[in-house]
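**Q** Protein sequence lines correspond, in order, to chains A and B.
Under our numbering, read the first sequence as residues 1 to 292, first letter to last.
Under our numbering, read the second sequence as residues 1001 to 1164, first letter to last.
We treat Cβ as the ideally placed atom computed from N, Cα and C, and that holds for glycine.
Quick caveat: nothing in here was measured; it's all calculated off a predicted structure.
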Amino acid sequence: MNRYSLWVMEYAYVVNQPTSLFIYGAHNQGHRKMPYGYIVIKGPDVVATIDVGYNHREYGEVLANSYGVENWQPARAVLSEIGVTPEDVTRIFITHAHFDHMGALDQYPNATFYIQERELTKWVWSMSLERRFRWLMLGIDPADIMKAVDLARQGRLVCVDGDRTDVLPGIDLHAAFDTHTWGSQYVRVRNDLSPNSQNAWVFSGDLVYAHENLRGTDPGDPQYVPVGLATGSQFSLIMTSEEMTKRAGGDYTHVIPVHEERLRDLFPYRITKAGLRITELALADGEKSRVR
Amino acid sequence: MPSAVSPMPSALVDERTVAYILESQPLFEDLRQVAAQIAGLLVLAATGSRDASPDHPMLGTAERLFTETLERFGRTQASERARLHHESLRQAAESLRHALAGARAILASPHGANFDAALVPLRDSYSHLQQATGALPGFRMVAFEQGCCAGGRAVSSSGSLATS
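Quick look at the structure:
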């Protein structure tokens, strides 16, 4: 039994991203494709997403020209591939505050957003530091902060302090402090609604970029290897990897990193006319496949 | 041309303009920082944070940085090519002045406050800063190095981008 349908929706990609970004210390080990994506969770009475991508109008040209980000598509086009509109989305779980995960806050007029309070407060704190600390603010767009003010005024910004169970039935938020960012969170979907779920999925945000972060490079001798980019500590990332894997029932393939191109090797998918991948992780009872 | 200036054919930018760019880059970044600080304070106020008060140290930081930046801005000399950019920064600073005053009033009394008193000029300042990014090379609203897209880039000593 599946309460929710789950899709990974690619909205842009970088063709040649250095492997060292995905895997800590993997220098001079070539490049790989890095998809950008968000998750859609569709249940009987609700549509939710995990993250929202960024707004091309504001910085798409810079990203395209300077960083090789290709084929960005707006939420309306991406979501239409599974019969959803931005207006249908009523809950959004923001894993962390980087522009490529929360830059499109204003594209979802009916959604309430959930973010860890620590992500916001440390974000604000970092702005008060002197110029030599500016690395701590990289990746953050002042425009996103203004959007957050508007959301808060409208009562559509929920600041979560730590873990929260059943934010929707069977959906839990788990704090991962001092990891990729100060106040990252990951989302667990217990698709059978059971507290001791045998059908759990963990959506890792950028706590994991690729399967090597959970398995290492030697299948015969797995290990955790952190991502190549962290404001917090590699230690925290590794311990969170263990936690996430356990919460996914010990099955690393149920820990879903949106930046992992090789999800295609594990789950059904299709490529849209726009050239973007839709990966189908689960179908709720009665929901039709969007990839077959 | 230093790596701090983004790739635009150097032939299009005369020496006086290059000097202006190098001088005004930190001013632009500081104005952007003040805008971010004001927005951050407004987030605290809008979410009902206990920290939201006129005594919050970041308000003083923002006001000091704004004053210092204005002083330095007054000493810049724009070339003909840089005139539009210079005007955008001036207008951004003027809007920030109103936004700062509005933010101070909101923090003094967050409940029922008129957030537009700060948000409207803050958005204006952001818009002027965005215009500045299009007027000359070497100015960006977001430092993307920390984003997932930045793996192929390194941070130069100026904090701007250099290819690795």
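Any beta-carbon of chain B closer than 7 Å to the one on residue 208 (chain A)?
**A** Reading the first sequence from its first residue, position 208 is the one you call residue 208 (chain A). Judged by the 7 Å Cβ criterion, residue 208 (chain A) is not in contact with chain B.
**Q** So that I know if they touch, is there some Cβ in chain A lying closer than 7 Å to that of residue 1134 (chain B)?
**A** In the second sequence, residue 1134 (chain B) corresponds to position 134, counting from 1. No, its Cβ sits nowhere closer than 7 Å to a Cβ of chain A.
**Q** Given a cut-off of 7 Å, decide if residue 163 (chain A) and residue 233 (chain A) are closer than it, judged by their beta-carbon atoms.
**A** Locating residue 233 (chain A) in the first sequence gives position 233, where the first residue counts as 1. Locating residue 163 (chain A) in the first sequence gives position 163, where the first residue counts as 1. Taking 7 Å as the Cβ cut-off, residue 233 (chain A) and residue 163 (chain A) do not qualify as a contacting pair.
**Q** On the criterion of 16 or more Cβ atoms from any shown chain inside 10 Å, does residue 1122 (chain B) qualify as buried, or is it exposed?
**A** The residue labelled residue 1122 (chain B) in the question sits at position 122 within the second sequence. Residue 1122 (chain B) comes out buried.
**Q** Could you tell me whether the Cβ atoms of residue 35 (chain A) and residue 13 (chain A) are closer together than 7 Å?
**A** On the first sequence, position 35 is the one that residue 35 (chain A) refers to. On the first sequence, position 13 is the one that residue 13 (chain A) refers to. For residue 35 (chain A) and residue 13 (chain A), yes; Cβs fall inside 7 Å.
**Q** Identify whether residue 82 (chain A) lies in helix, strand or coil by the three-state DSSP scheme.
**A** Against the first sequence, residue 82 (chain A) aligns to sequence position 82. Of the three classes helix, strand and coil, the one that applies to residue 82 (chain A) here is coil, per DSSP.
**Q** So, does the CB of residue 1036 (chain B) fall closer than 7 Å to a CB anywhere in chain A?
**A** Mapped onto the second sequence, residue 1036 (chain B) falls at position 36. True, the Cβ-Cβ gap to chain A drops below 7 Å.
**Q** Which value, in whole angstroms, describes the spacing of the CA atoms of residue 1009 (chain B) and residue 43 (chain A)?
**A** Locating residue 1009 (chain B) in the second sequence gives position 9, where the first residue counts as 1. Locating residue 43 (chain A) in the first sequence gives position 43, where the first residue counts as 1. Annotation note: pLDDT 44 at residue 1009 (chain B) (below 50); position unreliable, coordinate value reported separately. Cα to Cα, residue 1009 (chain B) sits roughly 53 Å from residue 43 (chain A).
**Q** Give me the Cβ distance between residue 227 (chain A) and residue 24 (chain A), rounded to the nearest whole Å; I'm assuming they're in contact under 8 Å.
**A** The residue given as residue 227 (chain A) occupies position 227 in the first sequence. The residue given as residue 24 (chain A) occupies position 24 in the first sequence. Right, the Cβ-Cβ distance comes to about 6 Å (below 8 Å), so this counts as a contact.
**Q** Quick one: is residue 1066 (chain B) near chain A, going by C-beta distance under 7 Å?
**A** On the second sequence, position 66 is the one that residue 1066 (chain B) refers to. For residue 1066 (chain B), the answer is no, since every Cβ of chain A falls outside 7 Å of its Cβ.
**Q** Quick one: which chain A residues come within Cβ less than 9 Å of residue 1123 (chain B)?
**A** As a first step, residue 1123 (chain B) must be located in the second sequence, where it is residue number 123. Per Cβ cutoff of 9 Å: 143 and 146.
**Q** Determine the burial state of residue 1109 (chain B): buried for a count of at least 16 other Cβ atoms within 10 Å of its Cβ, exposed for fewer.
**A** Along the second sequence, one-based indexing puts residue 1109 (chain B) at 109. Label assigned to residue 1109 (chain B): exposed.
**Q** Below 9 Å on C-beta distance, what does residue 1032 (chain B) contact in chain A?
**A** Start at 1 with the first residue of the second sequence, and residue 1032 (chain B) comes out as number 32. Within 9 Å Cβ-Cβ: 142.
**Q** Take residue 1049 (chain B) and list the residues in its own chain whose beta-carbon comes closer than 7 Å to its own, dropping the five residues that flank it on each side.
**A** Indexing the second sequence from 1 puts residue 1049 (chain B) at position 49. Here the set comprises nothing.
**Q** Compare the C-beta of residue 80 (chain A) against all C-beta atoms of chain B and say whether one is closer than 7 Å.
**A** Locating residue 80 (chain A) in the first sequence gives position 80, counting from the first residue. No, residue 80 (chain A) does not count as interfacial toward chain B.
**Q** Give the straight-line distance between the Cα atoms of residue 124 (chain A) and residue 1 (chain A), rounded to the nearest whole angstrom.
**A** Within the first sequence, numbered from 1, the residue matching residue 124 (chain A) stands at position 124. Within the first sequence, numbered from 1, the residue matching residue 1 (chain A) stands at position 1. Distance between the alpha carbons of residue 124 (chain A) and residue 1 (chain A) is about 42 Å.
**Q** I need the DSSP call for residue 257 (chain A), collapsed to helix, strand or coil.
**A** What you label residue 257 (chain A) is simply residue 257 of the first sequence in a count that begins at 1. Looking at residue 257 (chain A) - three-state DSSP - the assignment turns out to be coil, as it is neither helix nor strand.
**Q** Give the DSSP-derived three-state secondary structure of residue 218 (chain A) in the structure shown.
**A** Residue mapping note: residue 218 (chain A) aligns to position 218 of the first sequence, counting from 1. DSSP places residue 218 (chain A) in coil when its eight states are reduced to three.
**Q** Give every residue of the same chain whose Cβ lies closer than 7 Å to the Cβ of residue 1133 (chain B), excluding the five residues on either side of it in the sequence, and list them in chain order.
**A** The residue labelled residue 1133 (chain B) in the question sits at position 133 within the second sequence. Contacts found: 1139, 1140 and 1141.
**Q** Can you pull the chain B residues whose beta carbon is under 8 Å from the beta carbon of residue 32 (chain A), in chain order?
**A** For this step, residue 32 (chain A) is matched to residue 32 along the first sequence. Under the 8 Å cutoff, chain B gives no residues; its nearest Cβ is about 10 Å from residue 32 (chain A).
**Q** If residue 64 (chain A) and residue 70 (chain A) are in contact, beta carbons under 8 Å, what's the gap, nearest whole angstrom?
**A** On the first sequence, residue 64 (chain A) is found 64 positions in, with the first residue counted as 1. On the first sequence, residue 70 (chain A) is found 70 positions in, with the first residue counted as 1. At roughly 7 Å, the Cβ-Cβ gap stays under 8 Å, so residue 64 (chain A) and residue 70 (chain A) are in contact.
**Q** What does a CB cutoff of less than 6 Å around residue 1085 (chain B) pick up in its chain, not counting 5 residues either side in sequence?
**A** Looking up residue 1085 (chain B) in the second sequence gives position 85. Only 1132, 1135 and 1136 meet the Cβ criterion.
**Q** Since residue 202 (chain A) sits in a beta bridge, which residues does DSSP pair it with?
**A** What you label residue 202 (chain A) is simply residue 202 of the first sequence in a count that begins at 1. BP columns for residue 202 (chain A) point to A:188 and A:255.
**Q** Considering only C-alpha positions, which residue in the set B:1023, B:1034 and B:1016 is nearest to residue 1095 (chain B)?
**A** Residue 1095 (chain B) sits at position 95 when you count from the first residue of the second sequence. The candidate whose alpha carbon is nearest that of residue 1095 (chain B) is B:1034.
**Q** Please state if the CB of residue 41 (chain A) and the CB of residue 6 (chain A) are separated by a distance shorter than 7 Å.
**A** For this step, residue 6 (chain A) is matched to residue 6 along the first sequence. For this step, residue 41 (chain A) is matched to residue 41 along the first sequence. Cβ atoms of residue 6 (chain A) and residue 41 (chain A): closer than 7 Å.
**Q** Measure the alpha-carbon distance for residue 102 (chain A) versus residue 90 (chain A) and round it to whole angstroms.
**A** As a first step, residue 102 (chain A) is located in the first sequence; it is residue number 102 there, counting from the start. As a first step, residue 90 (chain A) is located in the first sequence; it is residue number 90 there, counting from the start. Looking at the two C-alpha atoms, the distance is approximately 15 Å.
**Q** Mind listing the chain B neighbours of residue 153 (chain A)? Cutoff is C-beta to C-beta under 7 Å, in chain order.
**A** Here residue 153 (chain A) refers to the residue found at position 153 when the first sequence is read from its first residue. Within 7 Å Cβ-Cβ: 1046 and 1115.
**Q** Counting contacts by CB-CB distance shorter than 7 Å, is residue 1039 (chain B) in contact with chain A?
**A** Numbered from its first residue, the second sequence carries residue 1039 (chain B) at position 39. Yes - at least one Cβ of chain A is within 7 Å of the one on residue 1039 (chain B).
**Q** Might you give, ordered along the chain, the residues of its own chain that have their beta carbon closer than 6 Å to the beta carbon of residue 1068 (chain B), omitting 5 neighbours on each side?
**A** By 1-based counting over the second sequence, the position of residue 1068 (chain B) is 68. So no residue of the chain qualifies.
**Q** Label residue 1111 (chain B) either buried or exposed according to how many other C-beta atoms from any shown protein chain fall within 10 Å of its C-beta, with 16 as the threshold for buried.
**A** Sequence index remark: in the second sequence, residue 1111 (chain B) carries index 111 (1-based). Residue 1111 (chain B) comes out exposed.
**Q** Just to make sure I have the definition right: I need the residues of chain A whose C-beta is within less than 9 Å of the C-beta of residue 1061 (chain B). Which are they?
**A** Walking along the second sequence from the start, residue 1061 (chain B) turns up at place 61. Result: 127, 128, 129 and 130.
**Q** What do you reckon, are the CB atoms on residue 8 (chain A) and residue 253 (chain A) nearer than 7 Å?
**A** Numbered from 1 along the first sequence, position 8 holds the residue referred to as residue 8 (chain A). Numbered from 1 along the first sequence, position 253 holds the residue referred to as residue 253 (chain A). For residue 8 (chain A) and residue 253 (chain A), no; Cβs fall outside 7 Å.
**Q** Enumerate in chain order the residues of its own chain whose CB-to-CB distance from residue 170 (chain A) is below 6 Å, with the five nearest sequence positions on each side excluded.
**A** Residue numbering aside, residue 170 (chain A) sits at position 170 when the first sequence is read from its first letter. Once the five neighbours on either side are set aside, the close Cβ partners of residue 170 (chain A) are 3, 190 and 193.
**Q** Closer than 7 Å by C-beta to residue 104 (chain A): which residues in its own chain qualify, once you throw out the five before and the five after it? Chain order, please.
**A** Locating residue 104 (chain A) in the first sequence gives position 104, counting from the first residue. Closer than 7 Å at Cβ, skipping near neighbours: 52, 53, 54, 55 and 75.
**Q** Could you have a look at residue 275 (chain A) and say whether DSSP puts it in helix, strand or coil?
**A** Taking the first residue of the first sequence as 1, we reach residue 275 (chain A) at position 275. Residue state, collapsed to three classes: coil.
**Q** On the criterion of 16 or more Cβ atoms from any shown chain inside 10 Å, does residue 133 (chain A) qualify as buried, or is it exposed?
**A** Here residue 133 (chain A) refers to the residue found at position 133 of the first sequence. Looking at its Cβ environment, which holds fewer than 16 other Cβ atoms inside 10 Å, residue 133 (chain A) is exposed.
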